[in-house]
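Chains as they are written, first to last, in my numbering: chain A, 1 to 313; chain B, 314 to 580; chain C, 581 to 1126.
Worksheet: the structure to be examined is printed underneath.
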Amino acid sequence: MRFYVKKIITLVLTLLLVSLLTFVAFQVIPGDGALSKLGMDATEEQVEALRESLGLNDSMVVRFTRFLGGAVKGDFGNSSQYSVSVTSLVKERLPVTIWLAGLSIVIIIVVSIPLGILCSRKQNGMVDRLITLLTQTCMAVPSFFLGILITLVFGVMLKWFIPGKYVGPSQDFGQFIHYIIFPAVAVSVPKIAMMVKFLRNSVIRELQLDYVRTAKSKGNKERRILYKHVLKNALMPVITFMGMVIADVLAGSIVIEQVFNLPGMGRLLVVAISNRDFNVVQAVVLYIAAVVIIINFIVDLLYQKVDPRVKIS
Amino acid sequence: MRKRQLDFNFILGIVLISFVLLLVLVGLFYTPYDPNAMDITSKNLPPSLNHLFGTDYMGRDILSRVMEGAKTTFFIGIATVAIGAVVGTLVGAVTGYYGGILDEVLMRINDGVASFPSILLALVMVSILGTGKYNIILALGIIFIPSFARVVRSEFIAQKQLDYVRNAKLMGAGDLRIMFVHILPNTKSIILSAVTVGFNNAVLAEAGMSYLSLGVQPPDASLGRMLSEAQTYLFNAPWFALAPGFIIVITVLGFSLINERGIKNGK
Amino acid sequence: MKKRIGILLLLSMFALTALYGCSGGNKEDGGSTNSANENNLSEDQNGESSSDMTADADEPVYGGSVIVGITQDLDSLDPHKAVAAGTNEVLYNIFEGLVKPDKDGNLVPAVASDYSISEDGMTYTFTLRDGVQFHNGNLVTADDVIYSIKRSAGMLETSDPEVKVESALSVIADITSMVTEEGKTQIQILLSEPNTELIGYLTTPIIPKDYDGQAETPVGTGPFKFVSYTPLQSIVMEKNEDYYVEGVPYLDQVTFKISANTDSAFMELMAGAIDIFPYLTEEQANQLSSTYDIEVGNMNLVQGLFLNNQAAPFDNMLVRQALCYAIDRQGILDMVAGGKGQIIGSNMFHGFSIYYNDTLEDVYAYNPEKAKELLAEAGYADGFSFTIKVPSNYQFHVDTAQVIVEQLKAVGIDAKIQLIEWASWLSDVYKARDYEATIVGLDAKLAPSDVLKRYRSTASNNFLNYENAEFDTIFAEAIGTIDQDIKIQKYKELQEILTNDAASVYIQDPALLVAVNKKLTGYTFYPVYVQDMSVVAYTGTPENHQ
Chain A
1 MRFYVKKIIT
11 LVLTLLLVSL
21 LTFVAFQVIP
31 GDGALSKLGM
41 DATEEQVEAL
51 RESLGLNDSM
61 VVRFTRFLGG
71 AVKGDFGNSS
81 QYSVSVTSLV
91 KERLPVTIWL
101 AGLSIVIIIV
111 VSIPLGILCS
121 RKQNGMVDRL
131 ITLLTQTCMA
141 VPSFFLGILI
151 TLVFGVMLKW
161 FIPGKYVGPS
171 QDFGQFIHYI
181 IFPAVAVSVP
191 KIAMMVKFLR
201 NSVIRELQLD
211 YVRTAKSKGN
221 KERRILYKHV
231 LKNALMPVIT
241 FMGMVIADVL
251 AGSIVIEQVF
261 NLPGMGRLLV
271 VAISNRDFNV
281 VQAVVLYIAA
291 VVIIINFIVD
301 LLYQKVDPRV
311 KIS
Chain B
314 MRKRQLDFNF
324 ILGIVLISFV
334 LLLVLVGLFY
344 TPYDPNAMDI
354 TSKNLPPSLN
364 HLFGTDYMGR
374 DILSRVMEGA
384 KTTFFIGIAT
394 VAIGAVVGTL
404 VGAVTGYYGG
414 ILDEVLMRIN
424 DGVASFPSIL
434 LALVMVSILG
444 TGKYNIILAL
454 GIIFIPSFAR
464 VVRSEFIAQK
474 QLDYVRNAKL
484 MGAGDLRIMF
494 VHILPNTKSI
504 ILSAVTVGFN
514 NAVLAEAGMS
524 YLSLGVQPPD
534 ASLGRMLSEA
544 QTYLFNAPWF
554 ALAPGFIIVI
564 TVLGFSLINE
574 RGIKNGK
Chain C
581 MKKRIGILLL
591 LSMFALTALY
601 GCSGGNKEDG
611 GSTNSANENN
621 LSEDQNGESS
631 SDMTADADEP
641 VYGGSVIVGI
651 TQDLDSLDPH
661 KAVAAGTNEV
671 LYNIFEGLVK
681 PDKDGNLVPA
691 VASDYSISED
701 GMTYTFTLRD
711 GVQFHNGNLV
721 TADDVIYSIK
731 RSAGMLETSD
741 PEVKVESALS
751 VIADITSMVT
761 EEGKTQIQIL
771 LSEPNTELIG
781 YLTTPIIPKD
791 YDGQAETPVG
801 TGPFKFVSYT
811 PLQSIVMEKN
821 EDYYVEGVPY
831 LDQVTFKISA
841 NTDSAFMELM
851 AGAIDIFPYL
861 TEEQANQLSS
871 TYDIEVGNMN
881 LVQGLFLNNQ
891 AAPFDNMLVR
901 QALCYAIDRQ
911 GILDMVAGGK
921 GQIIGSNMFH
931 GFSIYYNDTL
941 EDVYAYNPEK
951 AKELLAEAGY
961 ADGFSFTIKV
971 PSNYQFHVDT
981 AQVIVEQLKA
991 VGIDAKIQLI
1001 EWASWLSDVY
1011 KARDYEATIV
1021 GLDAKLAPSD
1031 VLKRYRSTAS
1041 NNFLNYENAE
1051 FDTIFAEAIG
1061 TIDQDIKIQK
1071 YKELQEILTN
1081 DAASVYIQDP
1091 ALLVAVNKKL
1101 TGYTFYPVYV
1111 QDMSVVAYTG
1121 TPENHQ
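Below you can see the structure in the form of C-alpha cells.
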C-alpha cells in the first residue's frame, strides 16, 4: 500500500514539475496567444484587450495557480486559438495518438519477438546476420523520411491507401485502422530493430546460464527449454525496455503525425506551440507526460508480477 | 568460427564509419565546389562527372553539400553526446553513489525532463536562444542527459556494493576519488555503448528537427536538412535524397555495428 | 448633389488588370497594361495554356464535390474574428459584404444591389438587394447590415475583444437606414472626414444581427453554406440553393482539407487525393504538370527584403541603395520560381494597375559595381554583416533569402539567415521592431492607401521605422482627394519617394501556382487572396470527392 502511495506522490510531483517547466518555457519564448490570434493588422489596444480577456496580463503566480486549480479539476480552460474548451480538442485527438502508439507497439511485439528468437536460435548464422543487418539498416533511416518513403511506395505508387486521408474511429473503424496502419508501421520499424537486438542478446545470455545446461543434460529438448523456461526469463528485461519504447513511440508519433497528416496529439501540440496557445500546449504536454509515467509504473508492476525476486521498495 | 563472424559486422562498421570520416576530413580542407554556390544554369542535374552526386534545385553541387553537411551533422552529434554524457554521468554518479534525498530529487527532475516532449523542449530552446547549430546542440544535449544519467546511476548503484569500493573506503579514499577514480573506469563499457547509441540518436534527431524546420539555418547544409529539402524531388530528382540519406544510414548503421561488439565484449 | 457611380466608373477606380490571370504570359509579352481588351486577350491565353481540351468539353455541368487543399488551419469561423489570409480565402465562399471584388478587381454589388458615393467623399449610400437570404432562411435586413458594419468597425456598445476591428472603418461617424419611395431599403454611411477609398473595406461580411453562434456554425449569405468543421482536419460546405446569383454555384459540396504542410499536401496531390491546391512551388508545379492543370496567377503581395531604417547600417540611405543595386531581382525569380512572378520597384504591386508606378522597376537595375561604390561612400568599403530574420513556415521566402545571401557575397556583404517562427516574427520583428532585415510578403485590401499606409511616420504598423515628412503630407492629400487624376498622381509620387529613399529592397509580386483537377473548369484568380468555388465546375460527369 505504501508503495502505491509513494508512486502516486511521485507521479503528481513529476507532473507538477512538467507543467512548471512548460509554464516557464512559455514565459521565455517570444510571442503570445493574443498577438498570434490577432495577427499583423491589429492595433496595440486590440491586442491589449484580448490579452486582458485571456488573462495574459495577470502576474505569473496568479496564472500558474489558476492553471493548477483548473488542471486539478481536469479543466484546462479554453484554447485561445480555437475558442473551444481544451478538453474537447484533446478528447478528439487523444484516441488517434493512443491507437497509433498502440498499433505500433502491437506491430513491434508481433514482429520482433519471433525475429529475436529466430536470431538467438541461429546465433551468428546467416539468418541472424541478415536479420540484424536488415533491422539495423531500417533503424538508421530517419523516421520522417521512412514515413515519406512509405507514403510514396504504398500511397502514391501502389495506391494501397490515400495519402493524407483520415477516417475517424467512430465513423468507420475498419477504415480508421486501414489509414492508421501505415503510419504505425513507420513508427514501429526503427523500434523493431532495437527490440530484436535486445531480445536476441537477452535470450543468448539466458541460454548460457546453468539451469539451461542442467535441463539439457537431463535430456530435455532444446526447443522445450527455450519456450518453457528461457523465454519467460528472457522477456523480463524486455518488459522494462518496452516501457522506454512506448515513451519513444509517443514522441516519434509527433513527427509521423505531421508526415501522414494525422490529427493527433502531436499535430495539435505543434500547431498549438506555433499559435502560442498555452492552455492547449499545457494540456497536451501533461497528457503525454502522464501516459509515459503511468506506463513506466505499469511496467514496474508487471516486472514484479513476472519476477517475484524483484522487491518493490 | 564465432570470433570471425563477430568481427565481420565489426569490420563492416569500421569500414562504413571510416568512409564517412574520410568524407568529413576531406571536407574540412577541400570540397569540389563551394557548397553554397548557386548556379542557375545547372539546376537539378543528375549525377555526372562534373557533379558526382548531381546538383540540387538551386544548382548547388550535392557532393560538396554532403561533405559540408556530414561535417555539420558529425559536429552536432559529437557535441550533443559530449554534453549529454558529461552532465548525465555527473548526475548519474552523484545520485547513484549517494542515493537518498538528492537522488530522489534529481531523479524526479530527470523523469520530468524525460517525459517532456522533446520537440517542445527543442522548440523552447530554439525560441530562447535563436536558431542555429549551437542552439540545436544545447537543446539536444539537454534532452539526452536523462538517458545517460539513468544508465550511469544504475551502474553506480551496482558497483558501490562491490568489495573494491568497500576496500577503497576503508583505505580512507574520499567520495570523489572513489566515484571518479575507482568506479567510473569500471563503467567505461556501459558509457561507451551509451555514447554510440546517443550519437546515432543525435544524428536522427537532427534530421527530425530539420523536418520541423528547427534545424541548421539555411543556406548551411546538414544531412537532415538536405534530406528534408529533398522530399519534393523524390520523383524527378531522387539523387537529392540519395546522397544525404545514404550517408545518414551508413553512419548510424556503422556505429550500431561497432557498438554491437562493444556490448558483447563488455558483458 | 450626389454622383451616381456605376460599375464603369468603379472600373476606372479600381481597375486591376487581369494580369493575375496569366502573369507568365504577360511578362513575356513585355509587361503590364490596363486596357480592357488586353483583359480578354489574357483570359484567352490563360484558357489555352491551362487546358488542352476543346472548347466543347469545357462546358460546365452541375453537381459533384471537390476537395481543396489548404495548409493553414482556420483561426476562426466568425468572419469578423478571422485575421489569417488563409481563413479569409475559405470563408469568402460563405460570407459576402455589401460589395465584393470580382476577378478584374472591380468592387461589384453583392448584398447591396447598387451604391453611390457623394461628391465630397463624406456619404456612401447603398441600396439593399431584394430577397437576399441568410443561410438560416431569414432575409437580410438593414439592421443586420448596420450591425455587421458597426461590429467590424468596433462601434458596438459591448465589444468582443476577439473581433478584429478594421481601423480604416474608424472614419465612419454614423450609419442610418431608410426606405425609398419605391420601397427599397437604403443604408447610408456618414464619414467624419472625406475618404473615397472606404468602399474597399466594405467587403466586410454581413452577418445576422445578434446571432452568437457564428464561431461554431457560421451563417452568411454566400454561395455555400457551412456544414461542418473539425480543427486540424477540414471544413465542409454545401451549395446554397437560394443564392441570389442565377446559375451558381455548380458544385454540391466543397471540402477544404487542412494539410500539415505543403510537403504532405504534395504527396496527396501526387496520389490525386486533392482536386485543387493553391500554394505550389515551381518545382512541385513542374512535377504535377502532367496530372493536373497548373494555373498561374499572382499572389498580390509585395515581397521584399524589408530593412529596419533605424538600425545601423540601414539608417544610412546609401547603404540601403547599395543593397538595392547588389540584389539581382531577376536572378531571384529565375532561381526560386523558374522566372515566374513580377518584379516590382516600390511598395505596390501590378494588381493596382492605375496606381502602379511602372517607371520605378529599373531605378536600381542590378549593378554590383555601383553597389560597391555606394558602400565605399558610406564608409563600408569592406562590407559589413547583418542578419535576415525569415519566418520559417514560408519556404519561398527562405529560398529567396538563400539567393540574396549568395548575391550579397559579391559586394562583400555577409548576410546570415535566421529562421524564426511566425509567432516570434509577429512579436519580435513586427511589433518590437527588433531586427535588421526580414523577408516577408505584405498583402493589402482593395484600396491603394492600404498598401502604403504603414510608411507613415506615426503608423503603428510601420515596422520599417521609415520616416519621411514629405511622404506623410502627400499620403494625407492622396487619401482625401476626390479627383481621381490627382489621386493617381499622388500615389505614384509616394511610391517614387519610397524607391528614392530605398526604404527597403522591393523584389517581386510572387507567382501563385495552383494545381487544378483536369476535370474541373472555371478556377478564377482574384486580385485578393480568395478561393472562389462558386464558379468552379466539373466538365463531363461530375465526381464526388470527400
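Ideal placement from N, C-alpha and C gives every residue a C-beta, glycine not left out.
Using a Cβ-Cβ cut-off of 8 Å (strictly less than) and excluding sequence neighbours within five positions of residue i, which residues of its own chain qualify?
i	result
residue 319/A	With chain A covering 1 to 313 only, the question about residue 319/A has no answer from this structure.
residue 759/C	765, 766
residue 451/B	396, 438, 442
Can you tell which of the options has its C-alpha closest to the C-alpha of residue i?
i	options	result
residue 958/C	968/C, 896/C, 761/C	896/C
residue 971/C	472/B, 370/B, 527/B	527/B
residue 1095/C	877/C, 713/C, 668/C, 818/C	877/C
residue 731/C	791/C, 716/C, 1122/C	791/C
residue 679/C	905/C, 1114/C, 779/C, 865/C	779/C
residue 716/C	899/C, 807/C, 864/C	807/C
residue 548/B	841/C, 847/C, 977/C, 1019/C	847/C
residue 700/C	771/C, 661/C, 639/C	771/C
residue 232/A	212/A, 220/A, 219/A, 217/A	212/A
residue 789/C	1024/C, 783/C, 798/C	798/C
residue 366/B	560/B, 326/B, 390/B	560/B
residue 673/C	749/C, 685/C, 819/C	819/C
residue 655/C	872/C, 644/C, 669/C	669/C
What does DSSP give as the partner residue(s) for residue i in the beta ladder?
i	result
residue 1124/C	645/C
residue 883/C	1021/C, 1088/C
residue 818/C	805/C, 833/C
residue 689/C	679/C
residue 872/C	1097/C
Any beta carbon of chain C sitting closer than 9 Å to that of residue i?
i	result
residue 141/A	no
residue 82/A	yes
residue 532/B	yes
residue 26/A	no
Taking 9 Å as the CB-CB limit, is residue i close to chain A?
i	result
residue 813/C	yes
residue 1095/C	no
residue 655/C	yes
Do residue j and residue i come within 9 Å of each other at the CB atom, strictly closer than that value?
i	j	result
residue 918/C	residue 986/C	no
residue 466/B	residue 420/B	yes
residue 518/B	residue 539/B	no
residue 966/C	residue 1016/C	yes
residue 362/B	residue 372/B	no
residue 553/B	residue 370/B	yes
residue 1100/C	residue 1119/C	yes
residue 907/C	residue 812/C	no
Give every residue of the same chain whose Cβ lies closer than 6 Å to the Cβ of residue i, excluding the five residues on either side of it in the sequence, and list them in chain order.
i	result
residue 903/C	1085
residue 1027/C	777, 780
Going by beta carbon distance, what residues of the same chain come within less than 7 Å of residue i, once the five residues before and after it are set aside?
i	result
residue 694/C	707
residue 390/A	Missing from the structure shown is residue 390/A; chain A here goes from 1 to 313 and no further.
residue 1103/C	856, 875, 1094, 1096, 1116
residue 58/A	none
residue 240/A	299, 303
Distance cutoff 9 Å, beta carbons only. Does residue i sit that close to anything in chain B?
i	result
residue 620/C	Unreliable placement is indicated for residue 620/C, whose pLDDT of 36 sits below 50; the coordinate value is still reported in the next sentence. So, not an interface residue.
residue 56/A	no
residue 197/A	yes
residue 154/A	no
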